[in-house]
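Trainee: If you read the sequence shown in the numbering used here, its first letter stands for residue 407, the second for the next number, and so on. Think of the CB as a built atom: it goes at the ideal place given N, C-alpha and C, for glycine as much as any other residue. Model, not experiment: these values are computed from the prediction. The structure is given below, and queries will be raised subsequently.
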Amino acid sequence: MTTTTQREIEAAGGSNGVSTERKGALAVWTIDRPDRRNALARATVRELGRLAREAASDRSLRAVILTGAGGQAFCAGADLKERQSMDEAEVRDFLALYRASFGAIDRLPVPVIAAIEGVAFGGGLELALACDFRVASRGATLGLTETSLAIIPGAGGTQRLVRAIGGARAKELIVFGRRLTAMEAHAIGLVNAVAGEGESALSAAERFATPLLDAAPIAIAAALDAVDAADDRSLEDGLSYERVCYERTLASKDRLEALAAFAAKRKPTYRGE
Ligand code: COA
């Protein structure tokens, strides 16, 4: 994918629309376009992909939280104002960009948690589905609303939602453009955790991420890889791939540290080696 153009930056309102913060081993990426309910401009999608590719080689990173600014929306999907000026070929290019950027987030060897405050509609929920985990505020609303705009999910929603909650429920959500409350989404496993009363999604996501910050990163990456592989393989192939992933942990110093710490009745210190 090419880099962001000046035209794209202008269409996004003068910036790529993503701000970042580092809190030790945790990175927080915030879609920062609250006046458009954090809708996804081209420059924004491109920047999310760039951040994910950069993060893939960051050895001190243990978790990423992806969230939206302003308290009203995680992300209201594609930027429909920018979309108005796109011809069919440009929409196709945009879909390819979605695939590349969301794929980079999906493949990141570090856990990514979507902190959903407010709405996650269309491409916004598809973005959250490319993350490993979803944590929502009590008032959050989630839906793949595309059919109401005479299109279908084009950023992986038809495929990743099925993998997350199964075909029958995914079909209902997509075909009817059903909007779920945080509690409903939690009940069907679409959301991993719901924030406490009055608690923000970001704060709940930070709490959710805390155990990951001291966890063994080679094991975490191997676990994500092995679980993701289950979606695409027969059981026998999947079991073989589990062995491949296990092998990465077998050769690690962290595995020996775990055994030594257990014997000494102390907390292990993992270095990702
Ligand atoms: N793209 C571009 N701008 C968007 C947007 C989107 N997806 N969603 C919201 N906005 C803009 C609105 O146009 C409005 O801008 P304005 O002040 O210039 O009129 C601003 O964000 C606030 O939106 P508003 O509808 O007034 O806020 P709300 O809090 O009442 O509702 C939503 C927010 C997200 C529920 C509502 O805007 C909505 O349904 N948006 C479309 C979501 C959607 O269908 N996404 C799927 C895309 S595939």
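Which partner residues does Ile437 have in the DSSP bridge list?
Mentor: In DSSP, Ile437 forms a bridge with Val424, Gly474.
Trainee: Within 10 Å of its beta-carbon, does Pro617 have 16 or more other beta-carbons around it, so buried, or fewer, so exposed?
Mentor: Looking at its Cβ environment, which holds fewer than 16 other Cβ atoms inside 10 Å, Pro617 is exposed.
Trainee: Take Ser425 and list the residues in its own chain whose beta-carbon comes closer than 7 Å to its own, dropping the five residues that flank it on each side.
Mentor: Counting only Cβ-Cβ distances below 7 Å, and skipping sequence neighbours, we find Thr436, Asp438.
Trainee: Consult DSSP for Ile558 and reduce its assignment to one of helix, strand or coil.
Mentor: Coil.
Trainee: For the putative contact between Glu648 and Ala670, defined by C-beta atoms under 8 Å, what is the C-beta separation to the nearest angstrom?
Mentor: Contact doesn't hold; Cβ gap of about 30 Å is too wide.
Trainee: For the stretch 611 to 638, list the alpha helix (DSSP H) runs that are entirely contained and at least 4 residues long, ordered along the chain.
Mentor: Complete alpha helix (DSSP H) runs here, min 4: 623 to 635.
Trainee: Can you check whether the CB of Arg468 is closer than 8 Å to the CB of Ala621?
Mentor: Contact: yes.
Trainee: Pull the bridge partners of Ile522 from the DSSP assignment, please.
Mentor: Per DSSP, Ala542.
Trainee: Nearest-angstrom Cα distance between Glu416 and Arg442?
Mentor: Glu416 and Arg442: Cα-Cα distance of roughly 14 Å.
Trainee: Which residues bound the beta strand (DSSP E) around Thr410?
Mentor: Thr410 -> no beta strand (DSSP E), and no H or E assigned at all.
Trainee: Quick one: using the 10 Å Cβ neighbour count with 16 as the cut-off for buried, is Ile557 buried or exposed?
Mentor: Exposed is the call here.
Trainee: Quick check on DSSP: helix, strand or coil for Ala469?
Mentor: In the structure shown, Ala469 sits in a strand (DSSP, three-state: E or B).
Trainee: Below 8 Å, how does it come out for the stretch 457 to 467 and the stretch 519 to 526: are there three or more Cβ pairs, yes or no?
Mentor: With a cut-off of 8 Å, the stretch 519 to 526 and the stretch 457 to 467 do not count as touching, because too few Cβ pairs lie within range.
Trainee: Should Lys659 be listed as close to the ligand COA, given that the test is whether its C-beta is under 7 Å from any heavy atom?
Mentor: Not under cutoff, so the answer is no.
Trainee: With a threshold of 16 other CB atoms inside 10 Å of the CB of Arg465, please say whether the residue is buried or exposed.
Mentor: When all chains shown are included, Arg465 counts as exposed.
Trainee: Taking its Cβ as the centre, do 16 or more other Cβ atoms sit within 10 Å of Glu494, making it buried, or is it exposed?
Mentor: Glu494 should be labelled exposed.
Trainee: Is Phe668 near the ligand FMN, in the sense that its beta carbon is under 7 Å from a heavy atom of that ligand?
Mentor: Among the ligands in the structure shown, the ligand FMN does not appear; only the ligand COA can be found there.
Trainee: When DSSP labels each residue in this structure, what does Leu347 get in the three-state scheme?
Mentor: Residue numbering for the chain in the displayed model covers 407 to 679; residue 347 lies beyond these limits and cannot be assessed.
Trainee: With a threshold of 7 Å (Cβ to nearest heavy atom), would Glu414 be considered close to the ligand COA?
Mentor: Not under cutoff, so the answer is no.
Trainee: Is Leu486 near Ala449, with beta carbons less than 8 Å apart?
Mentor: No, they are not a contact pair.
Trainee: Taking contact to mean at least 3 C-beta pairs separated by less than 8 Å, is the stretch 584 to 594 in contact with the stretch 632 to 643?
Mentor: Too few Cβ pairs lie closer than 8 Å, so no.
Trainee: Give every residue of the same chain whose Cβ lies closer than 8 Å to the Cβ of Val541, excluding the five residues on either side of it in the sequence, and list them in chain order.
Mentor: Excluding sequence neighbours, Val541 sits near Ile519, Ala520, Ala521, Ile522, Val597, Asn598, Ala599, Val600, Ala601, Ala607, Ala610, Ala611, Phe614.
Trainee: So, for Thr564: in the same chain, excluding its five sequence neighbours on each side, which residues have a beta-carbon less than 7 Å away from its beta-carbon?
Mentor: So the qualifying residues of the chain are Ile558, Ile580.
Trainee: Below 8 Å between beta carbons: does that hold for Gly420 and Ala447?
Mentor: Taking 8 Å as the Cβ cut-off, Gly420 and Ala447 do not qualify as a contacting pair.
Trainee: Once DSSP output is grouped into helix, strand and coil, what is the label at Cys481?
Mentor: Looking at Cys481 - three-state DSSP - the assignment turns out to be strand.
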